[in-house]
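Colleague: Below you'll find the structure I mean.
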Amino acid sequence: MFTLISRGGANHPGPQVQREAEAPTPVRAESACGAKDLRAEQSPHQTPRMHTAPHRASCGSTMPLPSHLLPALVLVLAGSPGWAWIPNHCRTPRDNICNFVCDCRDCSDEAQCGYNGASPTQGTPSTCDFEQDSCGWQDISTSSGYRWLRDRAGAALEGPGPRSDHTLGTDLGWYMAVGTHRGKEASIATLRSPVLQEAAPTCELRLWYHVASGGVAELRLELTHGTETLALWQRSGPWGPGWQELVVVPGRIRGDFRVTFSATRNATHRGAVALDDVTFWGCGLPTPQASCPLGHHHCRNKACVEPHQMCDGEDNCGDSSDEDTPTCSHHLSTNFEMGLGLWNHSEGWTWSRSASVSEHPAWPRRDHSRNSAQGYFLASVAEPSSPAFLYSPELQASGPHNCSLIFYHYLHGSEAGRLQLYLQVDIPSAPQDAFLLRSRRGDLGAAWVRDRVDIHSDHPFRILLAGQTGPGGVVGLDDLILSDHCKPVLELSSWSPGRWAPVPRHQLTALWPQGLCEPGQLSCGDLCVPQEQLCDFQQQCDGGEDEQACGTTDFETPTAGGWEDISVGRLQWARRRANESEGPGTDAGGAAAGHFLSLQRAWGQRTAQARVLTPTLGPSGPHCELHVAYYFQSHPQGLLALVVAEGSARELVWEAPSSSSTWKVDTVLLGERPRPFRLEFVSLVDLDGPGQQGAGVDNVILKDCSPTVATKKDTEVSCNFERDMCGWHTGHLTDAHWRRMGSRGPGFDHTTGKGYFMLLDPTDPPARGPGAHLLTQPQTPAAPQECLSFWYHLHGPQIGTLRLVLRRDGKVDTLLWSRSGTHGNCWHEAWATLHHQTDPDTQYQLLFEGLRDAYHGTMALDDVALRPGPCWASKRCSFEDSACGFSSEGPWTRQANATGHAARGPRTDHTTETAQGHYMIVDTSPQALPRGHVASLTSEEHRPLTQPACLTFWYHLSLRNPGTLQVHLEGAERRQVLSISSHGGLAWRLGSVDVQAQQAWRVVFEAVAAGVECSYVALDDLLVQDGPCPQPASCDFETGLCGWSHLPRPSLGGYSWDWSSGTTPSRYPQPTVDHTLGTDAGHFALFETGVLGPGGQAAWLRSQPLPATQASCLRFWYHMGFPEHFYKGKLRVLLSSAQGQLAVWGAGGRLRHLWLEGQVEVTSAEEFQIVFEATLGGQPVLGPIALDDIEYLAGQRCQLSKPSQGDTAAATVVPATVGGALLLLVLLVLLGLMGRHWLWKGGCPFWDKTTAVAPGFDNVLFNADQVTLPASVTNNP
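See below:
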């Protein structure tokens, strides 16, 4: 069975585990519990004040914690900085530079050391997050095209790199990266640290890396020390998604050393890799002190070390003076450098060194004694059915003293790895049973871990070390140190195997009863339960044996519910009797003799936090919850938390809210999770701090965790979230989650404006996952077609994608609906028709997925409703998810050009302006649609309108005449409302028709072919909005943006203009009233400039393409609301055409919160767009720029208006003309190039790179007369 194994506290009671009988009297092996029987005992020592727990995950050794917990963890066990030895004016000797210790008050001696500054408190982390600089890391790559650079996601136009850094979890954070390399030759990009010095034995190096989907051939982390280069870590894939943590333990390094991180690419692996948050934990040696605390050892170099660090095989002083004392010379140490020494009887162990074994990925890369690949150790890959044994010589404890054994063990590569330490005592006329004193199980990481046992015995004894592991695993031993009170009996009589009873192999071969079952299976009666059905919350055995050691426990039995301690540091979890342990004095049930899980001291030398894990669990259902009783006392800082571990991911799901000396009870919703996952209690407490310090856990109950558990609410898909979440539940595939929120501050629901809704904020709480899931339980269809309607809210200058997915078992998910980017500060209704199969047993799930592909803004859901029957036609259709229910007669198809091999059509869609976007297209070439023939595209039925509306759509016509695009409305009768027969161009154009329909209606698009080769008609982005259609490029923003595009442009940072009103609550500052109505109910377009800075340069609001004009007037009202003394915002008007961008008007930030009028007269000899650009004039500052009442008067010159009262920088009329000769010359060159391409290609000229760069215009920036352009204007929008 899975068991909780005590590793023995320093001086507090602990249990004897897996022991059925007491030993005969004269013999005793004291455990930390103090009972005088065959148990292990440890001596007192202080908990580590200098070694704090990590806040992120590692493979089998640490957990990730949100960044807001890091300061607390750093302070938990921090000791006195000891500034008495640091002069005020610091001139640091070279030997003290980059040694992980601040010798100067400002830590200037630790700057640019691969980290920027160490903490004055020894043991706290030295970190480089690359936010300010590269911290001294240097690229030493030999390939000019494959090198490391400091980069950030917001600076990349596209590519396979991470969309966010790890530090901030957004696109504003920085990291080191090496991009893709398209050469065929192999290349290595190498990043090297500065010269570092003197790493302590406890040193750990942690970093986060990200590998793009193309992958790399190999990643390596190496340490160069003197003439030796150690491979700390090496991997060739497969690569997981997102940021992955790497933890390595360099150990004690004397003198200078460097660390290098290298990526190898080849012809099949393009090699895009990123590196972030490099942290050195516990690497500094102790600093000299004038005097040491009582009982501590004063080293020759004046450093202080704790008593238990003496003679332990590690240089804790830094000058080895703790290992060469007279006492240490009497210890019996076996480091395996010259063989097995006293431990010369073994079975199944291999005497080896790292340099001799390279093919096993989990094999130790260094020994512990020398910390070198040339050093020797014992290792084994023995399977559970045949464990490896190592026997000590026959020993005798001298006098009344303890015989202590310090040993270093290695468990890596398999969760089934196990090392057990047994004791056999030679008692006359008594059975020589082997008693288990220690047991370690699991994957403890690629590092040597220290442990110690103290033994009292009046009779001779021997120690047995048994190792076993699973596939891919290795168990190792090194540095077995017997104290000076352990005397071999070799000189008295020779060792004889016959004197000792055989080893109890039945205790080693299986964790579960196997009987006649295969290894790993549980035998219960005639049934063999496979391992994947153990702890799956569904009982297979009649007696429930397969679910007995699966987390639920009151800790009264030694199996402890399967919880097992995997701590590797100075703290551990151990099962303790309440009246023998510090704490409340009783267990959670009030019994003084009861047991609970208690935080205790331990002998490990690595990270301080204590960790205890369940066996592998799952799958669980959405109602799964954990009930727990706990006590937690820690002043002033500390941690008691519950973590869910799923593979390499760790999710913090609960944290003790406050310190308390009495038992408290709490409930944690675990929810639906796939198998495998494990639960983990993590704690970090300074047990030597002031007052009562400690932590304990009791009465753990996993309730309603079976996936088959159902409630009435599970069928409640329709939900307004006022009472609860109905049948919806949050997914747990990532650390980002939907949260049910009440209306307050900037958040308001749709139902009442004061109720509840579901909210996803991509940065609060901090998250690193790709998105969040909100889903239903499996549902049975009520009809062949069902309509799901809901209200959504997407708001912010940079917000990601919201998707609705239909999921069926065994089938690919069906994307029903999606929206990206801001849709204004208001709620929108959407709906999707669910098409079900005829099989009545087929169930489905609905899933709302919020993607964290942008980080400034929020997304929300409310008022979900499900009814039988199909939905009305959608008011908005981008063709990104589907054809939106349109039916076609003729060769209409939904198309994207992601592969670049589409026969014809625009290179990009209008929605996303990328080749990956979709649109509808009809080929009007004679072979596809003969001259005069019609291809029709008909929508589903739209619901009747209560007021006039405007139908807008974007169309793209080929350069060659495609014929005519006709728009018809079908209701009680069919009527044509628009006909477009002009030749095409390079840009998408806006079409609009006014609609009045008091009954259901459809829209029909008809393409009448002209019989011309290589011609087409394309459609995209249909929208039905209330109110009449506005004039081109004119808008009062009362019903929306009127065709003005706010699509974020990656080259400018990916930010968008937004749409709001003064009365609508917002998390961003905005005008209190609009200009159109002059009230808080009026609407306007706005942009919050505070998000600009390193991650973004500007945001554009673009009109539809407008025809050439000799003189037209653009009038608008603008508003700038910046704090006093900050005039940072800039509003600029650009004309964008094939010639580039022409700046024609500009205004700086305004102190007063007033609407000001602006106007500009524009002239263009060719088709153009008007662009309102919001940008910065200096450093970022919180403040909005707003626009209202834009009016474009085609063919009319501007009339000079009187400046606004008190406006010292009134808007100015600026002529915007480009020299005719220049325009004519450029036009002739373009036409010549197109003609040449036509003659050379001999076909349709659609795919030449010069034909269309969305939205169809060039990117050269010109300056109008009398307009000065700031340096911040980009030339590559």
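Count along the sequence shown from 1, add 19, and you get the number used in this note's numbering.
Note that CB positions come from ideal geometry on N, CA and C, so glycine has one too.
Between ALA407 and chain D, is any beta-carbon pair separated by less than 7 angstroms?
Modeller: Included in the structure is just one protein chain, with no chain D present.
Colleague: With DSSP run on the structure shown, which of helix, strand or coil describes ASP565?
Modeller: The residue you call residue 565 lines up with position 546 of the sequence shown. Residue state, collapsed to three classes: helix.
Colleague: So, are the CB atoms of VAL1014 and LEU997 less than 7 angstroms apart?
Modeller: One-based indexing of the sequence shown puts residue 1014 at position 995. One-based indexing of the sequence shown puts residue 997 at position 978. Their beta carbons are not under 7 angstroms apart, which means VAL1014 does not touch LEU997 by this criterion.
Colleague: Which term fits GLU1180, buried or exposed, when burial requires 16 or more other beta carbons within 10 angstroms of its beta carbon?
Modeller: On the sequence shown, residue 1180 is found 1161 positions in, with the first residue counted as 1. GLU1180 is buried by the Cβ-count criterion.
Colleague: Is the separation between the beta-carbon of PRO726 and that of GLY640 shorter than 7 angstroms?
Modeller: The residue labelled residue 726 in the question sits at position 707 within the sequence shown. The residue labelled residue 640 in the question sits at position 621 within the sequence shown. A contact, by the Cβ cut-off of 7 angstroms.
Colleague: Mind reading off the beta-carbon distance from ALA1026 to THR943? Whole number of angstroms is fine, and I expect it under 8 angstroms.
Modeller: Here residue 1026 refers to the residue found at position 1007 of the sequence shown. Here residue 943 refers to the residue found at position 924 of the sequence shown. ALA1026 to THR943, Cβ: 6 angstroms. Contact.
Colleague: Measuring straight from C-alpha to C-alpha, what distance separates PRO112 and GLN263?
Modeller: Translated into the one-based positions of the sequence shown, residue 112 becomes position 93. Translated into the one-based positions of the sequence shown, residue 263 becomes position 244. Roughly 37 angstroms separates the two Cα atoms.
Colleague: Could you spell out the range, first to last residue, of the beta strand (DSSP E) harbouring MET939?
Modeller: Counting from one through the sequence shown, the residue named residue 939 turns up at place 920. That run of the beta strand (DSSP E) goes 938-942.
Colleague: In whole angstroms, give me the CA-to-CA distance for CYS569 and ALA648.
Modeller: For the purposes of this step, residue 569 is identified with residue 550 of the sequence shown, where counting begins at 1. For the purposes of this step, residue 648 is identified with residue 629 of the sequence shown, where counting begins at 1. In a straight line, the C-alpha of CYS569 is about 17 angstroms away from that of ALA648.
Colleague: Could you give the DSSP three-state label for GLU908: helix, strand or coil?
Modeller: In the sequence shown, the residue the question calls residue 908 occupies position 889. Reduced to three states, the DSSP call for GLU908 is strand.
Colleague: Exposed or buried, what is LYS722 when buried is set at 16 or more other beta-carbons lying within 10 Å of its beta-carbon?
Modeller: The residue you call residue 722 lines up with position 703 of the sequence shown. When all chains shown are included, LYS722 counts as exposed.
Colleague: Which term fits ASP928, buried or exposed, when burial requires 16 or more other beta carbons within 10 angstroms of its beta carbon?
Modeller: Along the sequence shown, one-based indexing puts residue 928 at 909. The residue in question, ASP928, is buried, as its Cβ has 16 or more Cβ neighbours within 10 Å.
Colleague: For the beta strand (DSSP E) holding ASP1039, just list the boundary residues, first then last.
Modeller: Mapped onto the sequence shown, residue 1039 falls at position 1020. ASP1039 -> beta strand (DSSP E) spans 1035-1045.
Colleague: Does DSSP put LYS722 in a helix, a strand or coil?
Modeller: Here residue 722 corresponds to residue number 703 of the sequence shown, with the count starting at 1. Strand.
Colleague: Out of PRO1084, ARG1216, GLN1160, which one is the CA nearest neighbour of ALA1130?
Modeller: For the purposes of this step, residue 1130 is taken as the residue at position 1111 of the sequence shown. The residue with the shortest Cα to Cα distance from ALA1130 is ARG1216.
Colleague: Report the CB separation of GLU1210 from PRO1126 in whole angstroms; it is logged as a contact under 8 angstroms.
Modeller: Here the question's residue 1210 lines up with position 1191 in the sequence shown. Here the question's residue 1126 lines up with position 1107 in the sequence shown. Not a contact, Cβ separation roughly 17 angstroms.
Colleague: Output the distance between the C-alpha atoms of LYS773 and ARG763, rounded to the nearest integer angstrom.
Modeller: Mapped onto the sequence shown, residue 773 falls at position 754. Mapped onto the sequence shown, residue 763 falls at position 744. For LYS773 and ARG763, the distance between alpha carbons rounds to 8 angstroms.
Colleague: PRO1084: which of SER391, GLN656, ASP1099, GLN558 sits nearest, CA to CA?
Modeller: On the sequence shown, position 1065 is the one that residue 1084 refers to. Answer by Cα proximity: ASP1099.
Colleague: Apart from the five residues just before and just after ALA954, which ones in its own chain have a Cβ nearer than 8 angstroms to its Cβ?
Modeller: Mapped onto the sequence shown, residue 954 falls at position 935. Excluding residues within five positions, the ones whose Cβ falls inside 8 angstroms are SER907, GLU908, GLY909, PRO910, TRP911, VAL941, THR943, LEU948, GLU1025, ALA1026, ALA1028.
Colleague: Thinking C-beta only, is GLN804 closer than 7 angstroms to THR852?
Modeller: Here residue 852 refers to the residue found at position 833 when the sequence shown is read from its first residue. Here residue 804 refers to the residue found at position 785 when the sequence shown is read from its first residue. A contact, by the Cβ cut-off of 7 angstroms.
Colleague: Going by the CB atoms, is the gap between MET329 and HIS17 shorter than 7 angstroms?
Modeller: Because residue 17 is not part of the residues shown, which for the chain are 20 to 1296, the question remains open.
Colleague: Run through DSSP, which three-state label would ALA1166 get?
Modeller: The count along the sequence shown starts at 1 and reaches residue 1166 at position 1147. The answer is strand: DSSP assigns ALA1166 an E or B state.
Colleague: Using three-state DSSP, classify LYS203 as helix, strand or coil.
Modeller: Translated into positions along the sequence shown, residue 203 becomes position 184. In this structure, LYS203 counts as coil in the three-state DSSP scheme.
Colleague: Going straight from the alpha carbon of GLY1297 to that of GLY274, what length do you get?
Modeller: Nothing can be reported for residue 1297, as the shown portion of the chain is limited to 20 through 1296.
Colleague: The beta strand (DSSP E) that contains PRO1203, what's its start and end?
Modeller: Within the sequence shown, residue 1203 is the residue found at index 1184, counting from 1. Here the beta strand (DSSP E) through PRO1203 covers 1203-1212.
Colleague: Three or more C-beta pairs closer than 8 angstroms, one from the segment 586-596 and one from the segment 670-680: is that the case here?
Modeller: Contact between the segment 586-596 and the segment 670-680 is absent, because fewer than three Cβ pairs lie under 8 angstroms.
Colleague: With H, G and I counted as helix, E and B as strand and the rest as coil, what does DSSP make of CYS969?
Modeller: For the purposes of this step, residue 969 is taken as the residue at position 950 of the sequence shown. It is a strand residue.
Colleague: Where are the alpha helix (DSSP H) runs, 4 residues long or more, that stay fully inside the segment 797-859, in chain order?
Modeller: If we require 4 residues or more, the segment 797-859 turns out to have no alpha helix (DSSP H) run fully inside it.
Colleague: For PHE651, count neighbouring Cβ atoms within 10 angstroms of its own Cβ and tell me buried if that reaches 16, exposed if not.
Modeller: Locating residue 651 in the sequence shown gives position 632, where the first residue counts as 1. Looking at its Cβ environment, which holds 16 or more other Cβ atoms inside 10 Å, PHE651 is buried.
Colleague: Would you identify the three-state DSSP class for HIS646, choosing helix, strand or coil?
Modeller: Taking the sequence shown and counting its residues from 1, one reaches residue 646 at position 627. It is a strand residue.
Colleague: Would you mind giving the Cβ-Cβ distance between ASP872 and ARG239, rounded to the nearest angstrom? I have them listed as a contact below 8 angstroms.
Modeller: As a first step, residue 872 is located in the sequence shown; it is residue number 853 there, counting from the start. As a first step, residue 239 is located in the sequence shown; it is residue number 220 there, counting from the start. Not confirmed; about 31 angstroms, so no contact.
Colleague: Comparing C-alpha positions only, which one of CYS302, GLN624, PHE1106, VAL719 sits nearest to LEU1195?
Modeller: Translated into the one-based positions of the sequence shown, residue 1195 becomes position 1176. With distances taken between Cα atoms, LEU1195 lies closest to PHE1106.
Colleague: How about LEU224 and PHE119: do their beta carbons lie closer than 7 angstroms?
Modeller: Along the sequence shown, read from residue 1 onward, the residue named residue 224 stands at position 205. Along the sequence shown, read from residue 1 onward, the residue named residue 119 stands at position 100. No, these two residues do not count as a Cβ contact at 7 angstroms.
Colleague: Please list, in chain order, all residues of the same chain as GLN1089 whose beta carbon is under 6 angstroms from its beta carbon, the five residues on each side excluded.
Modeller: Position 1070 of the sequence shown holds residue 1089. Around GLN1089: SER1079, LEU1105, PRO1203.
Colleague: Is DSSP giving TRP362 helix, strand or coil here?
Modeller: Position 343 of the sequence shown, counted from the start, is the residue given in the question as residue 362. DSSP places TRP362 in coil when its eight states are reduced to three.
Colleague: Tell me which residues share the same chain as VAL1232 and place their Cβ nearer than 8 angstroms to its Cβ, disregarding the 5 neighbours each side in the sequence.
Modeller: Walking along the sequence shown from the start, residue 1232 turns up at place 1213. The predicted model places VAL1232 with a pLDDT of 37, which falls under 50 and marks its position as unreliable; any figure quoted below should be read in that light. If we look at VAL1232 and ignore the five residues flanking it on each side, its Cβ neighbours are GLN1178, VAL1179, GLU1180, CYS1217, LEU1219.
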